[in-house]
Structures are given as structure tokens and as C-alpha cells.
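Structure first, commentary second.
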């Protein structure tokens, strides 16, 4: 046993182990915040979803259910191109081809164009997307 190094090293390793749990153990952060965490659950498995929901109902306090799904599950064009089918305009079901926009531009299009123009003149502007840049209008911003 090394007097000074031993306890310091043990403390460091203990903190590293605790920090690593946040990256490895799903839901650790939520449980520390007082939530009962369930998941991840296959959102396409009705039996698993039902069991999880029933279990969640029996718990007291806040519950977080982490559900994983495949966007467009069962519809091949959407499974192959989830970006294209995130908040899409009307489309041909047989081909997956999106019909052209009619009428005024959408909020998403205006937002994407505006944030891209602002970002071009001010490099302090950043944009954070909810995992789907095209569906949130940030695909143009990401390319610039």
C-alpha cells in the first residue's frame, strides 16, 4: 500500500467507474433523478410494450419508458429513406414519390432558409436538430 497514491488512485477509479455507468447502463441518469426507467423496449413488439406499460402503471412516482422503433416499419420506401418520410408532404403510396408542394412555403422551409442565411453572416449561430435534419429544416444549414 502506497500512502498517498493508493487512496487517490482508488478515488479516481471509483469516480471513473461511476461516470462510465452513465454511458453504459441505460437509464442510470434518469434513475438518479428519481424516475423508474424501463427500456429500451422494442416498440414494434406489442406484447413487450403491453407488459412494460402495465408494469409502469403499477409503479409509484415518475416513470420513463425508452421505446425504440424503426421509422416507417413495414413500409419499404420509408424504412429505406427515413429522412424523406419525416413530416412529409402527401405522397404516392405505391412509389413513395412525394407530391410537389402546393401553396405557400412551409414553416420548416422558411425556418431552414432563414437560419442558413443568418448562419452565413454570423458564424456564432449554431443549430441543434432533433436527429432528423431534413424534417426540421436544418439539412441546408448542415451542408453549409
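In the numbering used here, the protein residues as written are 5 to 148. Note that CB positions come from ideal geometry on N, CA and C, so glycine has one too.
Residue 132 - DSSP class collapsed to helix/strand/coil: The residue given as residue 132 occupies position 128 in the chain shown. It is coil, neither helix nor strand.
Burial state of residue 17, where buried means 16 or more other Cβ atoms lie within 10 Å: By one-based count along the chain shown, residue 17 stands at place 13. By the neighbour-count rule (16 or more Cβ atoms within 10 Å), residue 17 is not buried but exposed.
As assigned by DSSP and simplified to three states, the class of residue 95: Here residue 95 refers to the residue found at position 91 of the chain shown. Correct three-state label for residue 95: strand.
Residue 97 versus residue 54: straight-line alpha-carbon distance, rounded: Stepping through the chain shown from its first residue, residue 97 is reached at position 93. Stepping through the chain shown from its first residue, residue 54 is reached at position 50. If I take the Cα positions, the gap works out to 30 Å.
Inter-stretch contact at 8 Å, needing at least 3 Cβ pairs: the region 107 to 117 / the region 71 to 90: no
Burial state of residue 56, where buried means 16 or more other Cβ atoms lie within 10 Å: One-based indexing of the chain shown puts residue 56 at position 52. With 16 or more other Cβ atoms within 10 Å, it is buried.
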